[in-house]
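Participant: The opening position of the first sequence corresponds to residue -17 in the numbering used here, with each subsequent residue numbered one higher.
Before we start, here is the structure in question, set down as structure tokens.
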Amino acid sequence: MATSATPASTSSEPRIRWSGSGTATRVGEPDRGPTATGATLDRWPTDSSSRPRRTSSTGAADPSCPSGRGVFWFSGRLETSQEWDMSTDTTAAVPRRADGGADDAALPYRYGAPLAAEIERRWQDRWAAEGTFHAPNPSGPWADPAGIGGDKVYLLDMFPYPSGSGLHVGHPLGFIGTDVLGRYLRMTGHTVLHAMGFDAFGLPAEQYAVQTGTHPRTTTEDNIRRYKAQLRQLGLGHDERRSVATTDVEFYRWTQWIFLQIYNSWYDEAQQKARPIAELEAEYAAGTRPTPDERSWGELTSVEQRGVVDSHRLAYISEAPVNWCPGLGTVLANEEVTADGRSERGNFPVFRRSLKQWMMRITAYADRLVADLDRLDWPDSVKAMQRNWIGRSEGAQVRFPVAGVGTPIEVFTTRPDTLFGATYMVLAPEHPLVDAITPEAWPSDVDARWTGGAATPAEAVAAYRDAAARKSELDRQENREKTGVFTGAYATNPVNGQPIPVFVADYVLMGYGTGAIMAVPAQDQRDWDFATAFGLPIVRTVQPSEGWDGEAYTGDGPAINSANDEISLDGLGVGEAKRAITDWLSARGGGESVVQYKLRDWLFSRQRYWGEPFPIVWDADGMPVALPDDQLPVELPEIDDYSPKTYAPEAADTEPEPPLSRASEWVEVDLDLGAGPQHYRRETNTMPQWAGSCWYYLRYLDPENEERFVDPEVEQYWLGKDPARGPADPGGVDLYVGGVEHAVLHLLYARFWHKVLYDLGQVSSEEPFRRLFNQGYIQAFAYTDARGAYAPAEEVVESTAPDGTVGFTWNGQPVRREYGKMGKSLRNVVTPDEMCERYGADTFRLYEMSTGPMDVSRPWSTRDVVGSQRFLQRVWRNLVDERTGEARVTDAEPDVETLRALHRAIAGVHTDFAALHYNTAAAKLIELNNHLTKTYGSTGVPRSVAEPLVLMMAPLTPHVAEELWALLGHEGSLAHGPFPVADEQYLVAETVEYPIQVNGKVRSRIVVPADAGIATVEAAALAEEKVVGLLDGREPRKVIVVPGRLVNVVV
RNA sequence: GCCCCCGUAGCCCAACCGGCAGAGGCAGGCCCCUUAAAAGGGUCCCAGUGUGGGUUCGAAUCCCACCGGGGGCACCA
-17 MATSATPAST
-7 SSEPRIRWSG
3 SGTATRVGEP
13 DRGPTATGAT
23 LDRWPTDSSS
33 RPRRTSSTGA
43 ADPSCPSGRG
53 VFWFSGRLET
63 SQEWDMSTDT
73 TAAVPRRADG
83 GADDAALPYR
93 YGAPLAAEIE
103 RRWQDRWAAE
113 GTFHAPNPSG
123 PWADPAGIGG
133 DKVYLLDMFP
143 YPSGSGLHVG
153 HPLGFIGTDV
163 LGRYLRMTGH
173 TVLHAMGFDA
183 FGLPAEQYAV
193 QTGTHPRTTT
203 EDNIRRYKAQ
213 LRQLGLGHDE
223 RRSVATTDVE
233 FYRWTQWIFL
243 QIYNSWYDEA
253 QQKARPIAEL
263 EAEYAAGTRP
273 TPDERSWGEL
283 TSVEQRGVVD
293 SHRLAYISEA
303 PVNWCPGLGT
313 VLANEEVTAD
323 GRSERGNFPV
333 FRRSLKQWMM
343 RITAYADRLV
353 ADLDRLDWPD
363 SVKAMQRNWI
373 GRSEGAQVRF
383 PVAGVGTPIE
393 VFTTRPDTLF
403 GATYMVLAPE
413 HPLVDAITPE
423 AWPSDVDARW
433 TGGAATPAEA
443 VAAYRDAAAR
453 KSELDRQENR
463 EKTGVFTGAY
473 ATNPVNGQPI
483 PVFVADYVLM
493 GYGTGAIMAV
503 PAQDQRDWDF
513 ATAFGLPIVR
523 TVQPSEGWDG
533 EAYTGDGPAI
543 NSANDEISLD
553 GLGVGEAKRA
563 ITDWLSARGG
573 GESVVQYKLR
583 DWLFSRQRYW
593 GEPFPIVWDA
603 DGMPVALPDD
613 QLPVELPEID
623 DYSPKTYAPE
633 AADTEPEPPL
643 SRASEWVEVD
653 LDLGAGPQHY
663 RRETNTMPQW
673 AGSCWYYLRY
683 LDPENEERFV
693 DPEVEQYWLG
703 KDPARGPADP
713 GGVDLYVGGV
723 EHAVLHLLYA
733 RFWHKVLYDL
743 GQVSSEEPFR
753 RLFNQGYIQA
763 FAYTDARGAY
773 APAEEVVEST
783 APDGTVGFTW
793 NGQPVRREYG
803 KMGKSLRNVV
813 TPDEMCERYG
823 ADTFRLYEMS
833 TGPMDVSRPW
843 STRDVVGSQR
853 FLQRVWRNLV
863 DERTGEARVT
873 DAEPDVETLR
883 ALHRAIAGVH
893 TDFAALHYNT
903 AAAKLIELNN
913 HLTKTYGSTG
923 VPRSVAEPLV
933 LMMAPLTPHV
943 AEELWALLGH
953 EGSLAHGPFP
963 VADEQYLVAE
973 TVEYPIQVNG
983 KVRSRIVVPA
993 DAGIATVEAA
1003 ALAEEKVVGL
1013 LDGREPRKVI
1023 VVPGRLVNVV
1033 V
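This is how it looks when you write it as structure tokens:
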């Protein structure tokens, strides 16, 4: 039983060439690599023949791995691996019969779930024992100079949050997809880095802790273990040594360190980059940079000096309106608040409150974050969302003086060309100038509509502010009728000296621009609506296009009514007029051109327990002090009560109270931070969940490094800029796969951090993720009964009525089908565990990959999984005797038709794998196997066809492929190749059949030699019987010959 | 309201740069194997590409309009 029936020789068929390295390499002529097939592989350029051979893949187990501390990944399963002990028994590839009971006794080696389970577990153990997927580094503990080739590929999945409910079949779609690509690339000679970690801080573990008293770390670690077990059984080729969790103390130590890098930096606008804060202090001290109030640096007290410096930091404390969510007991980032003013998590109301919080100065990078999108290979939709979120717009800042008030009203406008049409102004209700400009009494001739019925302007404003504050975000959105009230004040339009009334209205938002606008009703619909409601004048300053019958005209056109004694815009187009008036304003000090962003600074503190503590303490002056590197990590203290103080969801006036503030022994510390021993209080907020995910991809590169967050040489190798991709290449992960839901949050924050690290010289790459791919989702059907309750989807029966309509019933009751997510509450969850048990991981992987291209969402259908199982069963049966478990391949020469089918498949799968079109790759393999079944089903398949088929299956169904490869007599794993390369001679047919179209309709066909020239084809087509008949003696007007395709005769 | 993506067989999906609409799977019909069963073997069937125009010798593919589905943004000055 130890060896297969057929000799363990390699193919005797010389026409297959292999790429990569491996036992079957035989080279008749120089290996041209996958590109020789005409495949479009520009993403993964390779010349695989020159690839250095990977040593750790085929040889003995990696000494650093088997049971030592390097493997903390599936450590719970290592006992099992000793049971099989595959690392020492390389000949035991013949499957042991599994006692599943489902197999027919006469066919003990039929490929089914029990056999698949046995094969899968055995190969997973062997891969782990041999370190098959360990990726080498250029330096450090895993340095392997021989394994470092030129063609490295860093594949990355968006790492999961290990939730308590485990994985359902939708979760691993992307993980399997990257694994297939990784396996393909490894087999074609690339050096692939693929690892998986866990984004493990966050609310659910904390909420569970609050409910049960279980420490969040316990829950988190249990969940991670469960995830790892679930992922392991899928056979993902990850380098398990590189797995990290954001909650590992050794990981968040570096999260804290990066925070300090950001804290200890400022943004130099002149150089457009972050610089160490010490350089700013030096500029102040040397007097080359003026202090805000023009005093000399020495005149400032040390607290004042620190205040000035702190105000420049990229991480800073700010007392500003933030999103306070009493229901969660924490503040939230703008990105975590939904459009209707509720928390993304928990759906609690969110209130704007002024609170002292940590902020990150992401706005300093707004311009670069927009501009560098052009350098990324990302989906357009994600780029568009980021552009939209950053909201860059160019315009002018214009000052409108108010009589009797020292400070003019500043507005931002994208349409300075329409200044002559500005007939009133609006301030946001919260605008700081409102009180200053509001006079004691109404002007004598005030319009009754403007006062809101109040006796004085102050009363009117107060009443309006009250009403505005009471309005929820939802009200504001649903009811867009323009409301507002006159402040009683007039400002002066700087271009024509006209006094224009100043209103307060909530359609102007304090959060954007300056919180004040000049209103130009003729060219802005919102202003038009307001002006009509309040009887304000409307002056057109852009000539609407011919036939315009709308209200506000926002299109292009010549300026009109736009002249004063010094300047005339009349006749100029919008663009020219903008430039002209901005120049005029700048010259007179009335304004200047500016760029405005919607992006706000990132609110970085949370009142939670289960997050990274800040490496910050507060001193006696109430100022923050950064801890030195040698004080890291700042570990989370053990506390009794993990809950932040939460409040009634509507209790807007409450104060956040972080759980850590109650750990007084931890909070109160005496430290010597250079100025002698002093008493400090620790910062008690924690970082938001996004912190760890901002840099985890860097830690995968070098997770055991205790000196640095990542070794520079290692970072350069895996992420560095690649000149071969052109001068604009920003570097970064070669392929990042995940759902589109992170389009602005995680992906924007991570880009920001990466750019800061780049500016500070800590990384060589300018962007974290060079290429991004959004996978689709696996959706599912759910079924509701008459009462609207969900029925278990598994038990719903589909039935076709006599009239052909399809219906669904559960327990005999009709149910209604819905399409959507998979989830416990919808009672339609299917888990990968169930699928592995019923069919095996290979079947499950193949099914997920064959139902459609990676980026398309599709419904899950358990019923269909059997199709993938049948395919594997057929391949197995073609290559293995189901009674003996021995290979039944032959050494016969394959016929030419088979060779053509084989090489067509080889050429096709290269293209498909590289393009992530796994569904079509699978189809080609099925097609090839169907051909083999037909041709050799009864006699046994020639080895020279069986081997490449097995190898091509390996990325999709690695376990069964490894098993077959071993049964065919190969000792080593096929994980590092070889991979077949198509032979051109079998891709071109000797003859070509041309369809003949007459006036675009196919009328006939001819067969000509493949190398026939256009003239020959044309002559043959025109001589064809039916064509002659159709022409009926007429001369064709035109004959189009598309080489290799068709002939079209136009009559 | 604005922007983006997608509509091909009963279902999931193929079709390279405009060139014969069909690769693959599911479901369905029939036949075979089997004591029986199917997660066995074989074979067959089904659409003319959401609708209407246009460009072209030729359109699933390019353009326009509309319909349907999904997503994003939403008083951003």
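Where a beta carbon is used, it is the ideal one built from N, C-alpha and C, also for glycine.
For Ala187, collect the residues of the same chain with a Cβ closer than 7 Å to its Cβ; drop the 5 residues on either side in sequence, then sort them by chain order.
Facilitator: Taken in chain order, the residues that qualify are Pro198, Thr201, Thr202, Trp592.
Participant: Could you give the distance in angstroms between the alpha-carbon of Phe1035 and the alpha-carbon of Gly495?
Facilitator: The requested residue 1035 is not part of the displayed model; the chain covers only -17 to 1033.
Participant: What is the DSSP secondary structure of Ser807, reduced to helix, strand or coil?
Facilitator: Three-state result, Ser807: helix.
Participant: Distance, Cα to Cα, Pro1025 vs Leu1013?
Facilitator: So the two alpha carbons sit approximately 22 Å from each other.
Participant: Could you tell me the alpha carbon to alpha carbon distance between Val1032 and Arg985, rounded to whole angstroms?
Facilitator: So the alpha carbons of these two residues sit roughly 12 Å apart.
Participant: Taking C-alpha atoms, which residue in Glu695, Leu609, Leu409, Cys676 lies nearest to Phe141?
Facilitator: Among Glu695, Leu609, Leu409, Cys676, the Cα nearest to that of Phe141 is on Cys676.
Participant: Looking at C-alpha atoms only, which residue of Leu296, Gly758, Gly217 is the closest neighbour of Trp735?
Facilitator: The option with the nearest alpha carbon to Trp735 is Leu296.
Participant: What residues are listed by DSSP as bridge partners for Leu1069?
Facilitator: The structure shown does not extend to residue 1069, since the chain spans only -17 to 1033, so no value can be given for it.
Participant: What residues in its chain sit with their C-beta under 6 Å from that of Pro991, if we drop five residues either side in the sequence?
Facilitator: Cβ within range, chain order: Thr973.
Participant: Spell out the partners DSSP gives Val1032 in its beta bridges.
Facilitator: Its beta-bridge partners are Lys1020.
Participant: Counting pairs of Cβ atoms below 8 Å between the stretch 151 to 164 and the stretch 759 to 769, do you hit three or more?
Facilitator: In short, these stretches touch, since the Cβ pair count reaches three.
Participant: Could you pull the start and end residues of the beta strand (DSSP E) that Met407 belongs to?
Facilitator: Here the beta strand (DSSP E) through Met407 covers 406 to 409.
Participant: Looking at Phe233: is its Cβ nearer than 9 Å to the Cβ of Tyr678?
Facilitator: Their beta carbons are under 9 Å apart, which means Phe233 touches Tyr678 by this criterion.
Participant: At the level of alpha carbons, what is the spacing between Trp510 and Val380?
Facilitator: When rounded, the distance between both Cα atoms is 21 Å.
Participant: So for Leu358, helix, strand or coil by DSSP?
Facilitator: Three-state result, Leu358: coil.
Participant: Is it buried or exposed, Val53, if we count other Cβ atoms within 10 angstroms and call 16 or more buried?
Facilitator: With a pLDDT of 24 at Val53, under the threshold of 50, the modelled position of this residue cannot be trusted; read the value that follows with caution. Counting Cβ neighbours within 10 Å, Val53 comes out buried, since at least 16 surround it.
Participant: From this set, Val838, Thr915, Glu909, Lys803, which residue's C-alpha is nearest Trp858's C-alpha?
Facilitator: Comparing Cα-Cα distances from Trp858 to each of Val838, Thr915, Glu909, Lys803, the minimum goes to Thr915.
Participant: Mark Pro615 as exposed unless 16 or more other C-beta atoms lie within 10 angstroms of its C-beta, in which case mark it buried.
Facilitator: With 16 or more other Cβ atoms within 10 Å, it is buried.
Participant: Mind pulling the alpha helix (DSSP H) runs of 4 or more residues that sit fully within the stretch 519 to 579?
Facilitator: Segments of the alpha helix (DSSP H) lying fully in the stretch 519 to 579: 556 to 570.
Participant: For Leu653, report the span of its beta strand (DSSP E) as first-last.
Facilitator: Looking at the DSSP string, the run of the beta strand (DSSP E) that includes Leu653 is 650 to 654.
Participant: Using the Cβ count rule (16 or more neighbours within 10 Å means buried), how would you classify Val1029?
Facilitator: Val1029 is buried by the Cβ-count criterion.
Participant: Using only the alpha-carbon positions, how far apart do Leu409 and Val416 sit?
Facilitator: Cα-Cα distance, rounded: 7 Å.
Participant: With contact counted as at least three CB pairs below 8 Å, one residue from each stretch, are the stretch 248 to 257 and the stretch 286 to 301 in contact?
Facilitator: At 8 Å Cβ cutoff, the stretches touch.
Participant: Grouping DSSP H, G and I as helix and E and B as strand, with all else coil, what is Phe394?
Facilitator: It is a strand residue.
Participant: Quick one, which of Ala943, Asn370, Asp181, Thr628 has its alpha-carbon nearest Ala98's?
Facilitator: Taking only the C-alpha atoms, the option nearest Ala98 is Ala943.
Participant: For Arg1016, is the classification buried or exposed, using 16 other Cβ atoms within 10 angstroms of its Cβ as the cut-off for buried?
Facilitator: Exposed, by the Cβ-count rule.
Participant: Out of Ala315, Asp181, Ala964, Ala473, which has the shortest C-alpha to C-alpha gap to Ser926?
Facilitator: Here the closest residue by C-alpha is Ala964.
Participant: With distances taken Cα to Cα, identify the nearest neighbour of Gly1066 among Ala211, Leu618, Leu938.
Facilitator: What is shown of the chain runs -17 to 1033, which leaves residue 1066 out entirely.
Participant: Can you tell which of Ala504, Gly493, Arg447 has its C-alpha closest to the C-alpha of Phe485?
Facilitator: Here the closest residue by C-alpha is Arg447.
Participant: Would Pro331 pass as a contact of Thr636 if the rule is Cβ separation under 9 Å?
Facilitator: Not a contact, by the Cβ cut-off of 9 Å.
Participant: So the candidates are Leu642, Pro626, Ala633; which of them puts its Cα closest to the Cα of Glu617?
Facilitator: Nearest of Leu642, Pro626, Ala633 to Glu617, Cα basis: Leu642.
Participant: Which residue spans inside the stretch 589 to 627 form an unbroken alpha helix (DSSP H) run of at least 4?
Facilitator: Runs found: none.
Participant: Are the beta-carbon atoms belonging to Val162 and Met804 less than 9 Å from one another?
Facilitator: Their beta carbons are not under 9 Å apart, which means Val162 does not touch Met804 by this criterion.
Participant: Could you name the residues that DSSP lists as bridge partners for His176?
Facilitator: Leu137.
Participant: Residues in its own chain within less than 7 Å of Leu262 by CB, not counting five upstream and five downstream?
Facilitator: Excluding residues within five positions, the ones whose Cβ falls inside 7 Å are Trp248, Val291, His294.
Participant: Out of Arg663, Asp716, Val649, state which residue places its alpha-carbon closest to the alpha-carbon of Leu680.
Facilitator: The shortest C-alpha separation from Leu680 is found at Asp716.
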